[in-house]
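Structure first, then comments.
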Amino acid sequence: MAANNGWKNKEPEKKAGFPIPVSSYKMILIGFGIVVLGFILMMGGGSDNPDVFNDEIFSFRRITLAPIVVLSGFGFIFWAIMRKS
Numbered sequence: 005m006a007a008n009n010g011w012k013n014k015e016p017e018k019k020a021g022f023p024i025p026v027s028s029y030k031m032i033l034i035g036f037g038i039v040v041l042g043f044i045l046m047m048g049g050g051s052d053n054p055d056v057f058n059d060e061i062f063s064f065r066r067i068t069l070a071p072i073v074v075l076s077g078f079g080f081i082f083w084a085i086m087r088k089s
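Quick note on numbering: the sequence shown equals residues 5 to 89 in our numbering.
Structure representation (structure tokens):
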């Protein structure tokens with residue numbers, strides 16, 4: 005058995021509760037809504053006839069705007085998780 009040598013074993017105090025504050029959960033849900041909105045913006049642009057090519061799939065909304073919205077939603081979720089209350 006090892007001697008204590010006068011040193012006290014101090015364990016860090018653990019706080020009870022959730023690791024993420026409750027107010028952050030609302031922000032996470034808002035971020036999730038932004039991500040879903042981005043994926044909704046990506047939808048569409050298909051053609052009813054597979055033999056006909058539709059240039060609508062290369063629109064600004066699907067190629068530029070929707071990915072920016074999705075990435076900003078993920079960034080918002082990251083910020084909501086990491087922020088301190």
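Where a beta carbon is used, it is the ideal one built from N, C-alpha and C, also for glycine. These numbers were taken from a predicted model, which means no experiment stands behind them.
Are residue i and residue j closer than 8 Å when you measure CB to CB?
| i | j | result |
| --- | --- | --- |
| Ile38 | Gly77 | yes |
| Ile81 | Ile32 | yes |
| Gly21 | Ala84 | no |
| Ser51 | Phe57 | yes |
| Ser28 | Arg87 | yes |
I believe residue i touches residue j by the beta-carbon criterion, under 8 Å. Please report the beta-carbon distance rounded to the nearest angstrom.
| i | j | result |
| --- | --- | --- |
| Gly42 | Ala70 | 5 Å |
How many Å lie between residue i and residue j at the Cα?
| i | j | result |
| --- | --- | --- |
| Glu60 | Leu75 | 22 Å |
| Val73 | Val26 | 25 Å |
| Asn53 | Met46 | 20 Å |
| Asp55 | Val40 | 31 Å |
| Thr68 | Gly79 | 17 Å |
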